[in-house]
Amino acid sequence: MATSRFSAPSIRAEAFSPCNSISRLVDFGSRQRNSKFFLIRTSTLRRVKRSLTVKNISSEPKQRLKDLTTEEDERKEIEDRHMRWFSDGTSCCSQSLVCSVPSCDAKTVRPAAGAVSGKRLSDVLLTLDPASIASSIKYHAEFTPLFSRERFELPKAFFATAQSVRDALIVNWNATYDYYEKMNVKQAYYLSMEFLQGRALLNAIGNLELTDAYGEALSKLGCSLENVACQEPDAALGNGGLGRLASCFLDSLATINYPAWGYGLRYKYGLFKQRITKDGQEEVAEDWLEMGSPWEIARNDVSYPVKFYGKVVKGSDGKIHWIGGEDIKAVAYDVPIPGYKTKTTINLRLWSTKVPSADFDLYAFNAGEHTTACDAQANAEKICYTLYPGDESEEGKVLRLKQQYTLCSASLQDIIARFERRSEGNVKWEEFPEKVAVQMNDTHPTLCIPELMRILMDLKGMSWNEAWDITQRTVAYTNHTVLPEALEKWSLELMQKLLPRHVEIIEMIDEELIHQIISEYGTSDSDLLEKKLNAMRILENVDVPASIADLFVKPRESPAAELSEELASSDEELASSEPRESPAAELSEELESSDEELEPADEELEPRESPAAELSEELESSDEEQELEPDDAELEPRESPAAELSEEFESSDEEQELEPADEDEPKEGLQKKRKVDSKPIPKPPKMIRMANLCVVGGHAVNGVAEIHSEIVKEEVFNDFYKMWPEKFQNKTNGVTPRRWIRFCNPDLSNIITKWIGTEDWVLHTEKLAELRKFADNEDLQIEWRAAKRSNKMKIVSFLKEKTGYSISPDAMFDVQVKRIHEYKRQLLNILGIVYRYKKMKEMSAVERKAEFVPRVCIFGGKAFATYVQAKRIVKFITDVASTVNHDPEIGDLLKVVFVPDYNVTVAELLIPASELSQHISFDCLFFSKADVSFLDAEDT
Numbered sequence: 001m002a003t004s005r006f007s008a009p010s011i012r013a014e015a016f017s018p019c020n021s022i023s024r025l026v027d028f029g030s031r032q033r034n035s036k037f038f039l040i041r042t043s044t045l046r047r048v049k050r051s052l053t054v055k056n057i058s059s060e061p062k063q064r065l066k067d068l069t070t071e072e073d074e075r076k077e078i079e080d081r082h083m084r085w086f087s088d089g090t091s092c093c094s095q096s097l098v099c100s101v102p103s104c105d106a107k108t109v110r111p112a113a114g115a116v117s118g119k120r121l122s123d124v125l126l127t128l129d130p131a132s133i134a135s136s137i138k139y140h141a142e143f144t145p146l147f148s149r150e151r152f153e154l155p156k157a158f159f160a161t162a163q164s165v166r167d168a169l170i171v172n173w174n175a176t177y178d179y180y181e182k183m184n185v186k187q188a189y190y191l192s193m194e195f196l197q198g199r200a201l202l203n204a205i206g207n208l209e210l211t212d213a214y215g216e217a218l219s220k221l222g223c224s225l226e227n228v229a230c231q232e233p234d235a236a237l238g239n240g241g242l243g244r245l246a247s248c249f250l251d252s253l254a255t256i257n258y259p260a261w262g263y264g265l266r267y268k269y270g271l272f273k274q275r276i277t278k279d280g281q282e283e284v285a286e287d288w289l290e291m292g293s294p295w296e297i298a299r300n301d302v303s304y305p306v307k308f309y310g311k312v313v314k315g316s317d318g319k320i321h322w323i324g325g326e327d328i329k330a331v332a333y334d335v336p337i338p339g340y341k342t343k344t345t346i347n348l349r350l351w352s353t354k355v356p357s358a359d360f361d362l363y364a365f366n367a368g369e370h371t372t373a374c375d376a377q378a379n380a381e382k383i384c385y386t387l388y389p390g391d392e393s394e395e396g397k398v399l400r401l402k403q404q405y406t407l408c409s410a411s412l413q414d415i416i417a418r419f420e421r422r423s424e425g426n427v428k429w430e431e432f433p434e435k436v437a438v439q440m441n442d443t444h445p446t447l448c449i450p451e452l453m454r455i456l457m458d459l460k461g462m463s464w465n466e467a468w469d470i471t472q473r474t475v476a477y478t479n480h481t482v483l484p485e486a487l488e489k490w491s492l493e494l495m496q497k498l499l500p501r502h503v504e505i506i507e508m509i510d511e512e513l514i515h516q517i518i519s520e521y522g523t524s525d526s527d528l529l530e531k532k533l534n535a536m537r538i539l540e541n542v543d544v545p546a547s548i549a550d551l552f553v554k555p556r557e558s559p560a561a562e563l564s565e566e567l568a569s570s571d572e573e574l575a576s577s578e579p580r581e582s583p584a585a586e587l588s589e590e591l592e593s594s595d596e597e598l599e600p601a602d603e604e605l606e607p608r609e610s611p612a613a614e615l616s617e618e619l620e621s622s623d624e625e626q627e628l629e630p631d632d633a634e635l636e637p638r639e640s641p642a643a644e645l646s647e648e649f650e651s652s653d654e655e656q657e658l659e660p661a662d663e664d665e666p667k668e669g670l671q672k673k674r675k676v677d678s679k680p681i682p683k684p685p686k687m688i689r690m691a692n693l694c695v696v697g698g699h700a701v702n703g704v705a706e707i708h709s710e711i712v713k714e715e716v717f718n719d720f721y722k723m724w725p726e727k728f729q730n731k732t733n734g735v736t737p738r739r740w741i742r743f744c745n746p747d748l749s750n751i752i753t754k755w756i757g758t759e760d761w762v763l764h765t766e767k768l769a770e771l772r773k774f775a776d777n778e779d780l781q782i783e784w785r786a787a788k789r790s791n792k793m794k795i796v797s798f799l800k801e802k803t804g805y806s807i808s809p810d811a812m813f814d815v816q817v818k819r820i821h822e823y824k825r826q827l828l829n830i831l832g833i834v835y836r837y838k839k840m841k842e843m844s845a846v847e848r849k850a851e852f853v854p855r856v857c858i859f860g861g862k863a864f865a866t867y868v869q870a871k872r873i874v875k876f877i878t879d880v881a882s883t884v885n886h887d888p889e890i891g892d893l894l895k896v897v898f899v900p901d902y903n904v905t906v907a908e909l910l911i912p913a914s915e916l917s918q919h920i921s922f923d924c925l926f927f928s929k930a931d932v933s934f935l936d937a938e939d940t
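Numbering (UniProt numbering), first residue to last: 1 to 940.
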């Protein structure tokens, strides 16, 4: 049986086969009958020429491809085939549906041998009319079954429609990928732990300019496009602004024809599905993959090994080997991302995790040890179960770190395999940064830096300098927060266990950074140098490497020697004026005389000569050991001589319950004092600062808004900015106007197009400025108010269905939708509402009506499952809503509503209806992407 090539071409380095960007015939039935049917939309298949405009990110200018010489292979004309697709009128369709597949000519388009840059890629463009779309939908309902074939109900209609759309995407997707392969363009790779996509159906057909055609086709089948689209669950791949930004980026990259891919993880249960009960927020697992996703394409031919734990050894050949430990396999799932009014369709590659079949312990399973036999599989699969698993426990921290490393390792292996394949056997690693750009969305993909170093050095045989140069020129970092406590850190001990080779590389990067800092600031000012090292080092609370210690501790050969010199100097100054040999001797005499005055209870203490005498002996022994390295394993780490002396006197105070009198006071002996706690102060944990590693290991750092970028330079990474000012940039982030105006707010979109006179604003938002000249036009104002009221009516129905509360469309909609967090200050907002409610209650009905504008205060967002205070805020909001909304005296003057399970789909309803959008995060500490856009699912 002939095979159909409708998935993206295999990218395995050892077996790559280019894929034609056209439909193929699939045999059905016996070869003798030669019964063949087209797989997709063959009733409307037409060969036409089109230009695939792709922007090469290495050189910026657009390139239009000229015609490639094509060879036409004549295919046998196919006779009309008629078949009944559905039964009778038991479905949502009004009548039985019959589909015919008329004959047409399908001709294969192949690139000519020796095709070079600068030529147009010709392929098959499918012109889709409502009739052929209906046929395609009916085909998938019959031959791509996920439901019983007897009934064509809405869930089945959605999957059939989505698969029909996916067919069109795959044609462009393969053509785009084929161009990237042939032209060997520089390609950007956007790595993010989140991609908050929302529903894909309406966005895809909107970008393909097929909304009306699909609406008419579904109408012929007895369904409405709106009702079918409502069957799609939101993809649970993100939570807030970080993921929404990533999805908007992919949409924009495809629309403006940049060669780019996204990389993420395929979370089975997402973050969680939020339910609001009388007790507040409850979390349940997302079920978005319960029936599978019609958009994703399982790529079982694309998988890479990922290792954890183990140990690092040096082989006889001198190479470093990371051996042993736990091995899993990352498997790819691809999701086509179409651009708007372009044939460019890029890819979002998601990784799922499992173990190779060979790792299944069949012996244990047959012996009845089923749990043991499945342990490896369970440990691998749980990596991609949820987004941001709780990290209160050690196991949770390990799981999060595994997620981050899986994303980085699998993606980089995939990127490198593609680079090697496109090099066609002539791999020039120095050109890697000229063909690959890796953008890290926040610090979650930071492990890309040591992982790329590991691959280049350990697997590709490069030197440290070669690998470091390539890594720095390849990787870039987007910062999302200026809160110091929000900058990600990982326990050095934890990472040492999980990723031992990467810790070695990070330590080497840290050591090289220390050399650069010393080179920049010198060693003359030890205090300044120490300050810079504390702020800039990647490793926090970790001793300076022994190879570097001598460079900035020269003035102090050893703590003991330094203190001895101070005491000796003091002895010389006092010798001429007082008959005291030294301060230490004086203190010894005072303590000895004080011993005689101790109470009986103190006499039970273990006899000692004096703390000063002990300190003197300690100093002498310390002088003998001063030639040891500072980080010698046998020595106890000491912060400073002063700290050491302080600890000695604290010990003396603890045992004798005495305190030396101040030298300025009359020397009447030592005063009694309460006993000091004997517990030693715990040492701060050794940490790896991921943000610092991003800055050091990449060639560019950007903020997400101009004011944010300035604070990144002036405060967050000021020391790095002074050293490498060329690294820091600003990239003001917005949102895609396609999803957030054109598709989710069609009434407003039509008004804008009418008054501007063109739809170009969908691609060039600067054209929206032309609306200013109509600001005072009453006709425009009337149309705008009508569109706003229409959107508000949708919210009235939606909130009634979801919450049971009835609200007035004439009230002002005051909206705060974002992640529930203390610094987001939902608590401040609801306290303001409580105050407003209290003032209303103190007024008469007439006064209230005259004083207050009717207002509906709408909240939405998720509190992290283990964030107790945030969940209390949710409970407080719902309790206030219950009180206010049931107060007959207040009526429609004030309503409070918490929208459960806020996501992109809910945002597409709320944002067009919003009249006051609350963004009240800590102004001086955090800057919201919503300040530069109209969407804020999360201010991160």
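Don't be surprised by glycine CBs; every beta carbon is placed ideally from N, CA and C.
Compare the Cα-Cα distances from residue 913 to each of 857, 504, 362 and 332 and report the closest residue.
Reading the sequence shown from its first residue, position 913 is the one you call residue 913. Answer by Cα proximity: 857.
Does residue 495 pass the burial test, meaning 16 or more other C-beta atoms within 10 Å, or should it be called exposed?
Indexing the sequence shown from 1 puts residue 495 at position 495. The residue in question, residue 495, is buried, as its Cβ has 16 or more Cβ neighbours within 10 Å.
For residue 184, the three-state DSSP class (helix, strand or coil):
The sequence position of residue 184 within the sequence shown is 184, counting from 1. Coil.
What does the alpha-carbon distance come out to for the pair residue 193 and residue 848?
Residue mapping note: residue 193 aligns to position 193 of the sequence shown, counting from 1. Residue mapping note: residue 848 aligns to position 848 of the sequence shown, counting from 1. Taking the straight line from one Cα to the other gives about 49 Å.
Of the choices 878, 780 and 768, whose alpha-carbon is the least far from that of residue 803?
To locate residue 803, count along the sequence shown from 1; it is residue 803. Of the candidates 878, 780 and 768, the one whose C-alpha sits nearest the C-alpha of residue 803 is 878.
What are the boundary residues of the alpha helix (DSSP H) that residue 377 is part of?
Against the sequence shown, residue 377 aligns to sequence position 377. Start and end: 370-381.
For residue 866, collect the residues of the same chain with a Cβ closer than 7 Å to its Cβ; drop the 5 residues on either side in sequence, then sort them by chain order.
Taking the first residue of the sequence shown as 1, we reach residue 866 at position 866. For residue 866, where only same-chain residues beyond five positions count, the Cβ hits under 7 Å are 390 and 392.
For residue 547, verify whether its CB is less than 7 Å away from any heavy atom of the ligand MN.
Questions concerning the ligand MN fall outside what the structure shown contains, since it holds no ligand whatsoever.
Going by DSSP, what residue range makes up the beta strand (DSSP E) through residue 918?
Working through the sequence shown from its first residue, we reach residue 918 at position 918. Element bounds for residue 918: n/a, residue is neither H nor E.
Going by C-alpha to C-alpha distance, which of 411, 269, 367 and 215 sits closest to residue 303?
Walking along the sequence shown from the start, residue 303 turns up at place 303. The shortest Cα separation from residue 303 among 411, 269, 367 and 215 belongs to 411.
Residue 732, DSSP secondary structure in three states:
The residue labelled residue 732 in the question sits at position 732 within the sequence shown. Coil.
Going by DSSP in three states, residue 211 sits in which element: helix, strand or coil?
Against the sequence shown, residue 211 aligns to sequence position 211. Helix, per DSSP.
Identity of the residue in 286, 895, 901 and 487 nearest residue 688 by Cα:
Working through the sequence shown from its first residue, we reach residue 688 at position 688. The residue with the shortest Cα to Cα distance from residue 688 is 487.
Contact the stretch 330-341 vs the stretch 281-297: 3+ CB pairs below 8 Å
yes
For residue 977, count the other beta carbons within 10 Å of its own beta carbon; 16 or more makes it buried, fewer makes it exposed. Which is it?
The shown model of the chain, from 1 to 940, leaves out residue 977, and the question about it has no answer.
How many whole angstroms separate the CB atoms of residue 261 and residue 346, which I take to be in contact at a CB cut-off of 8 Å?
In the sequence shown, counting from the first residue as 1, residue 261 sits at position 261. In the sequence shown, counting from the first residue as 1, residue 346 sits at position 346. Yes, residue 261 and residue 346 are in contact; Cβ-Cβ is about 6 Å, under 8 Å.
Pairwise C-alpha distance: residue 130 and residue 216
The residue labelled residue 216 in the question sits at position 216 within the sequence shown. The residue labelled residue 130 in the question sits at position 130 within the sequence shown. Going by the C-alpha atoms only, they are around 6 Å apart.
Candidates 834, 904, 427 and 717: which alpha carbon is nearest residue 883's?
Taking the sequence shown and counting its residues from 1, the one referred to as residue 883 is at position 883. Checking every option, the nearest Cα to that of residue 883 belongs to 834.
Taking contact to mean at least 3 C-beta pairs separated by less than 8 Å, is the stretch 395-411 in contact with the stretch 343-363?
yes
Would you please state the rounded distance, in angstroms, between the beta carbons of residue 761 and residue 767? I believe it to be under 8 Å.
Position 761 of the sequence shown, counted from the first residue, corresponds to residue 761. Position 767 of the sequence shown, counted from the first residue, corresponds to residue 767. Right, their Cβ atoms sit about 4 Å apart.
For residue 249, does the three-state DSSP call read helix, strand or coil?
For the purposes of this step, residue 249 is identified with residue 249 of the sequence shown, where counting begins at 1. Three-state DSSP puts residue 249 in a helix.
Cα-Cα separation, residue 373 to residue 364
Taking the sequence shown and counting its residues from 1, one reaches residue 373 at position 373. Taking the sequence shown and counting its residues from 1, one reaches residue 364 at position 364. Going from the Cα of residue 373 to the Cα of residue 364 covers about 5 Å.
List the whole-angstrom C-beta distance separating residue 403 from residue 265, where the pair is believed to meet the contact cut-off of C-beta under 8 Å.
As a position in the sequence shown, residue 403 is number 403, starting the count at 1. As a position in the sequence shown, residue 265 is number 265, starting the count at 1. That belief holds up - the Cβ atoms of residue 403 and residue 265 are roughly 6 Å apart, short of 8 Å.
Do residue 897 and residue 881 have their beta-carbon atoms positioned less than 8 Å apart in this structure?
Residue numbering aside, residue 881 sits at position 881 when the sequence shown is read from its first letter. Residue numbering aside, residue 897 sits at position 897 when the sequence shown is read from its first letter. Yes. Within cutoff.
For residue 921, count neighbouring Cβ atoms within 10 angstroms of its own Cβ and tell me buried if that reaches 16, exposed if not.
Residue mapping note: residue 921 aligns to position 921 of the sequence shown, counting from 1. Label assigned to residue 921: buried.
Extract the residue ranges of the beta strand (DSSP E) inside the stretch 244-306, only unbroken runs of 3 or more that lie entirely within it.
260-265, 273-277 and 280-284
Chain D beta carbons: is any one of them nearer than 8 Å to that of residue 473?
The structure shown has no chain D; it contains just one protein chain.
Quick check on the burial criterion: 16 or more other C-beta atoms within 10 angstroms. Buried or exposed for residue 132?
The residue labelled residue 132 in the question sits at position 132 within the sequence shown. It is buried - the Cβ of residue 132 has at least 16 other Cβ atoms within 10 Å.
Residues bridged to residue 326 (per DSSP):
Residue mapping note: residue 326 aligns to position 326 of the sequence shown, counting from 1. DSSP, once it has assigned bridges, lists 308 as partnering residue 326.
Report yes or no: do three or more beta-carbon pairs, one from the stretch 698-705 and one from the stretch 467-477, lie closer than 8 Å?
yes
Can you give me the start and stop residues for the alpha helix (DSSP H) that residue 832 sits inside?
Locating residue 832 in the sequence shown gives position 832, where the first residue counts as 1. Looking at the DSSP string, the run of the alpha helix (DSSP H) that includes residue 832 is 826-841.
First and last residue of the uninterrupted beta strand (DSSP E) at residue 348:
Against the sequence shown, residue 348 aligns to sequence position 348. It spans 345-354 - the beta strand (DSSP E) in which residue 348 sits, taken as one unbroken run.
Under 8 Å Cβ to Cβ from residue 458, same chain only, skipping five residues before and after it: list those, please.
Counted from its first residue, the sequence shown places residue 458 at position 458. Around residue 458: 319, 320, 321, 322 and 501.
Starting from residue 855, trace the beta strand (DSSP E) in both directions and tell me its first and last residue.
Position 855 of the sequence shown, counted from the start, is the residue given in the question as residue 855. Its beta strand (DSSP E) spans residues 855-860.
Between the C-alpha atoms of residue 340 and residue 503, what's the straight-line distance to the nearest angstrom?
Position 340 of the sequence shown, counting from 1, holds the residue named residue 340. Position 503 of the sequence shown, counting from 1, holds the residue named residue 503. Approximately 44 Å between the Cα atoms of the pair.
Which stretch, first to last residue, makes up the beta strand (DSSP E) that contains residue 406?
Along the sequence shown, one-based indexing puts residue 406 at 406. Not the beta strand (DSSP E): residue 406 falls in the alpha helix (DSSP H), residues 394-422.
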